[in-house]
Each structure stands twice: as structure tokens, then as C-alpha cells.
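Number of protein chains: 2
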Amino acid sequence: MADEARPSVTGVKAHRIFLLLKEAIASGALAPGDRLPGELKLAEQHEVSRVTVRRAMEALREAGLVARRPGVGTVVQEQPMASTVTASVSNLLPNMVRMSAASNVRLLEFRYVEATGVVRERLGLKAGERVQRSIRVRLMDDKPFSYLVTHVPERIALQYTEADLARTPLFALLERSGVTVDRATQTISAALAGPETARALELAEGSALIALNRVVFDQTGAGVEHLDALYRPDRYRIQMELTRAGDEAERYWEPLAGEPLAGEPAAAGARASGGG
Amino acid sequence: MADEARPSVTGVKAHRIFLLLKEAIASGALAPGDRLPGELKLAEQHEVSRVTVRRAMEALREAGLVARRPGVGTVVQEQPMASTVTASVSNLLPNMVRMSAASNVRLLEFRYVEATGVVRERLGLKAGERVQRSIRVRLMDDKPFSYLVTHVPERIALQYTEADLARTPLFALLERSGVTVDRATQTISAALAGPETARALELAEGSALIALNRVVFDQTGAGVEHLDALYRPDRYRIQMELTRAGDEAERYWEPLAGEPLAGEPAAAGARASGGG
DNA sequence: ACAAAATGTATTATAGAAAGTACAATCAAA
DNA sequence: TTTGATTGTACTTTCTATAATACATTTTGT
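So, in C-alpha cells, the structure goes:
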């Protein structure tokens, strides 16, 4: 939603009102074409000054959510679709290959370090073993959408170069290095953008990000890749198709495997949050 | 994890730094025993004054997350096991049933409204059709972890009562209402906690939340449920086991269906799972 | 033409957050 | 013991969000 690399709304009260209105719009409570209450009325309702309401409203306009005209009022605008990368869980690699064609990568870091903490533990490494740590930012149409921190055991990582990593998906590099990928564990969470990641992803500190952790194992059960990924929710979505399986007693959702997604980015609407 | 329903931190910048550090601790990026960077270093990193960093750090101490000692530094404290609900995508319903036993529900809203915007569109309803809108908060050990907004077409929702919804998972109610659930589309994103959700989930405004949207369809392809869920990432995780499938040319990840999860965040039976 | 309602612009005042600086106290390691 | 890194404390200054008020400008409807 409108990059907002610098927080367009200053102050806590103003920001609070901004969020409330933004949510009302995102949820459809205020549909495109609807007129918002006047500044005075909103100031009264929220028990703040008109200046404060004004800041919130101007932020909405900057974000392209509303249009304001003197004498008329503030009306909700029709939203242009934002181009969003959609990842289907059941169809990861083909998507990635497709994506690689249209996307670029910035390699922010590439070095060998000693494995520590969770990384060492989850990859099943011994104390003192070294890993290749890399940080990449992936861009689509020159707009960054993901921040990827990977750790790969040294013995595997030595099979490819820094240049390789800047060009080729890590996945392909692993295969090329003779690794037979077998299974992976993936956890999805959420996180706030810190100073580093905010800069890399070109958004405001404190923005919400999708946090994904994936540990990949080969056929021997040895860990071959540890990924910590952060995604901009307005440019990246994780999508799943589920079907119902099992009999009466024990029904459950079963992810639909290998189903090519219908609409690529196209639909997906520019609405992000849904907070509040 | 010291709920901090009222932000103990004054100021926006200080509060943001507080949230970032808190999250780093919650996620395990900063493990118990680890030393945080010094106040000066943090001030530099975040481009703020030391006073501001200080406010954030003191809030962390108040929250019991860190211990601070002059001459030593600020170290992450051992945390009393936060009970985390882990949802396995491939195993939704059985988990949900298990969970229902150990968890409570607060019903915040239950009313019938006209379907608008995305909800109407995604459920495939005609203009003017009505839906039953409900807001529920799910709790585990009296601690809220999810905020669920559901929309169900009126004709289906009339088959169950408000009391039913406060007791029984919506899923079971749909089945009981004669609906044959067939498939669902699920999208995972991230969002910030707004005023409403922050209060309901007992955390600070501006915290990061997992945002999940699910649209459920019956065998005729008609939409029967629209769920917008927000989860506290420190109390809820979405987990997936993936295996590699396909041949050389077109390999892809395939979610492992029905696989009971192996090693879990350790002890204390604090694991259940499920969705809306 | 006029009035009503809305946004746009300006000014002043206040409180609180943040910056900047300086120095003291505490601990650990060389 | 000395040195360096850390937190604790104190103070002044600058900046900014907010409040309160006033008036101009634009549009719509009577």
C-alpha cells in the first residue's frame, strides 16, 4: 500500500485514526465512491483536534485510498490492482523458475561463518562447523519484495560461487552441487521490519512482514539449507488450495498438490492489512 | 510474556524499538543468555539517541524479558515456556478438534449484515444478500491467540445459534447444517495490530500478526465461509512438512498430507492446533 | 444570489518526546 | 591495578505532535 518508506502519518493519534479509516476501507465498510464524515465530525467523534484528523486524511490521500476536494468532501477511491507475487505452497519450484525470469536479485552478503544457535541446531551441525551465510533481496520490476537469509553447510556451499548465487536460485545450485533434496520443514510467522530489512525492502520501519523459515534436508536426513525469509505482504502472498479428505469420523484438510494457480498476480487486490 | 496491553513505552520511536527487540527475543533470534548490543550501538543502528534506546530497554526489563546490569550489559532472560499453538496445514481438522477441548472462545460479535466488497465477491453472493458476521477470539490457557472474523451466507448461518458458535467450531456447525465442504482457498499474509485487535489479543498496537484468509466452498462451488484470521506469532505458528516430487525437469515441493508432526517446540502439551 | 458544508491555509501555544552532552557507577578482563 | 565497555543519572535544548482558533476557498443545493 503506497510504499510509505517514510511514515506518511506522524504522531500516534493521527496514525491511529489513519489505521481505523484505512481498515474501514479495506474491509469494504467504506466502499469506493462513499463519502467519509467531514473533518470536524471526525474530530468530534475521536475527541481530537481537527489538525489531527487532517493528518490522517492526508495520509489516506497520499496512499491513494481517497480523493479530497474542497466543498465536496473526502471520497473513497477505486483501487488499482497492485502487482503481487503469489506463491503457491504446492507448486514452489515451477513458480520460482518462472519468477526468476522476471525478477532480479541483490546479493547483500556472502561469507563463511561459524554456525551458531538455532541454525546449527536445526541443520544438525556439530559445534565449530562452518556455514556459508548469504543475504539476498529479490526484486520484481525493480521493486524488492523479499529479504532472504540463507545458511548452507560449507561443504555444499563451496560447490558454487558468489556470482552463481546472484544469478541462480539457491535451489538449482544445491541440485547442481550433487545434493539430493528430499524433504523440508516450513514455518510461517509474522515479524516487524527492522532498520536493515526496512531499508532493503524499501518500506517503513515497523511495517508488518511475512516471516518464513525453511529447513531443507537431503535423503540422508542431513540439513542442507536453512532459510529465513521476510516478505512484503503487499507484494507477496502465500497461497494454498485445500481439499477435504478422510471419512466422516476423521476429516481433514489436505493441501492440493501440483495445482497450477489460476490468476497469477492479476487479481489479489491492492488491499494489504486487515489489521484492527 | 508480560502482555503489555498498555504500552509501557512512551514515544513512537522508543516503542518501535521495544517491539523489534521483543520480537527478536520471541522468535529466538536472541536466545536466553545472549547479550544485546549496547545502548550506544543500538542508538547508532536505529539512528536515534541513547535516551530513546534506553526507554525501550527499560520497557523490556519491566516486561521481564531481559536483565540489565551496569558494566555487564543487557542479557535475555530465560522465559517461562510460552505455550504455542502450532497449526499443521496438512492436518487441520483433527488438530482442531483436539484443540477445542483445551481452548475457550470469546464471542465478540454476532449479527447479520448485508454482504459487501470482497466478502460478497469471494463468496460469490449477489448484491443485497445477507451474511452472518461473527468475531471470535480464541484462547489457550486464558491467553488469546487468534482473532477470527467470519462471514457465512445467511441461509446456512440460520441453522445454528449464537450459543452454538461460542461452543462449537464453525467447521462442525457447517457440517451439521448439511453443508458438504469440498475445497478451500487460503492466503497467508501479515498485518499490524490495530486498536481493536490489539485489545482483543492483549498486545500492543503495532505488533506484527499473522493474517490468514480462507474461503471455503461446498461441492456445488458455492462459498460457505469467509474467514479473516489474525494470529499472535508468539502463540501460534503455521507449520508445513514438504517433500520433493516430480521428475528432473519439473520438480516441485509437495506438501506432506496427514503427517503427524515430529519434534515439537518441546514440552508441556501446550500444543494443539487448528484454524477458524 | 445566497447559505451551508466541506477542504485549504495560517497562527499561536503547550506538552512531551527525542537529541545531545556530560559524568558517575559497576563490572570484567587484561 | 588499569583499561574498556557497559549501564545509571542528570541536565539542557530542539523538535514535533496536538490543541485551539480564525479565516479563505471551493462546491453544492436552495
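Chains as they are written, first to last, in our numbering: chain Y, 1 to 276; chain E, 1 to 276. Every residue, glycine too, gets a C-beta built ideally from N, C-alpha and C. All values reported here derive from a predicted model rather than from experimental measurement.
Assuming contact is defined by CB atoms lying nearer than 8 Å, are residue i and residue j in contact in what I supplied?
i	j	result
threonine 52/Y	isoleucine 25/Y	no
tyrosine 160/E	serine 177/E	yes
alanine 85/E	phenylalanine 145/E	The amino acid at residue 85/E is misidentified as alanine; the sequence shows valine. A contact, by the Cβ cut-off of 8 Å.
serine 189/E	alanine 198/E	no
leucine 209/Y	alanine 193/Y	yes
arginine 54/E	glutamate 39/E	yes
alanine 191/E	leucine 242/E	no
glycine 64/Y	glycine 117/E	no
leucine 139/Y	isoleucine 156/Y	no
valine 137/Y	alanine 204/Y	no
valine 149/E	aspartate 234/E	no
Using a Cβ cut-off of 8 Å (strictly closer), state whether residue i contacts chain E.
i	result
isoleucine 210/Y	yes
glycine 194/Y	yes
glutamate 12/Y	For clarity, residue 12/Y is valine in the given sequence; the question names glutamate instead. It does; some Cβ of chain E falls within 8 Å.
valine 72/Y	no
valine 118/Y	yes
leucine 20/Y	yes
threonine 168/Y	no
serine 134/Y	no
arginine 28/Y	Per the sequence presented here, residue 28/Y reads as glycine, with arginine not at that position. Interface residue, yes.
serine 189/Y	yes
arginine 122/Y	no
arginine 16/Y	yes
threonine 243/Y	yes
glutamate 154/Y	no
Counting only beta-carbon atoms, is residue i nearer than 8 Å to chain Y?
i	result
methionine 240/E	yes
proline 233/E	yes
histidine 46/E	yes
aspartate 182/E	yes
threonine 52/E	no
threonine 185/E	yes
glycine 206/E	yes
arginine 237/E	yes
alanine 31/E	yes
glutamate 78/E	no
glutamate 23/E	yes
So residue i is in the alpha helix (DSSP H); what residue range does that whole segment cover?
i	result
glycine 117/Y	117-123
threonine 52/E	50-62
arginine 167/E	162-167
For residue i, which residues from the same chain have a beta carbon less than 6 Å from its beta carbon, with the 5 sequence-adjacent residues on both sides left out?
i	result
glycine 73/E	Arg35
alanine 115/Y	Leu125, Glu129, Val131
valine 75/E	Arg35, Ala67
valine 48/Y	Lys13
leucine 20/E	none
leucine 30/Y	Ala24, Val76
threonine 185/Y	Val215
Excluding the 5 residues preceding and the 5 following residue i in the sequence, name in chain order all residues of the same chain whose CB lies nearer than 7 Å to its CB.
i	result
valine 119/E	Val131, His151, His226
aspartate 218/Y	Val179, Thr180, Val181, Asp182, Val224
alanine 14/E	Thr52, Arg55, Ala56
valine 9/E	His15, Phe18, Arg55, Ala56, Ala59
Report all residues from its chain with a CB closer than 8 Å to the CB of residue i; omit the five preceding and five following residues, and keep chain order.
i	result
tyrosine 236/E	Thr84, Val85, Thr86, Ala87, Phe145, Ser146, Ile210
glutamate 154/E	Tyr112, Glu129, Arg130, Val131, Gln132
glutamate 162/E	Leu107, Phe110
arginine 122/E	Val215, Gly223, His226
alanine 127/Y	Arg120
glutamine 77/Y	Pro32, Gly64, Leu65, Val66, Ala67
Along the chain, where does the beta strand (DSSP E) containing residue i start, and where does it finish?
i	result
alanine 157/E	Counting along the chain, alanine 157/E falls outside any beta strand (DSSP E), though it belongs to the alpha helix (DSSP H) covering 154-157.
alanine 67/Y	66-69
glycine 128/E	Careful: glycine 128/E lies outside any beta strand (DSSP E) and carries neither H nor E.
valine 75/E	73-76
valine 105/Y	103-114
Does any heavy atom of the ligand MN sit closer than 7 Å to the C-beta of residue i?
i	result
proline 153/E	Absence of the ligand MN is noted for the structure shown, with no ligands found whatsoever.
Exercise. Mind pulling the alpha helix (DSSP H) runs of 4 or more residues that sit fully within the segment 171-224 of chain E?
Worked result: 195-201
Problem set entry | Uninterrupted alpha helix (DSSP H) stretches inside the segment 16-46 of chain Y (no shorter than 4 residues) | 39-46
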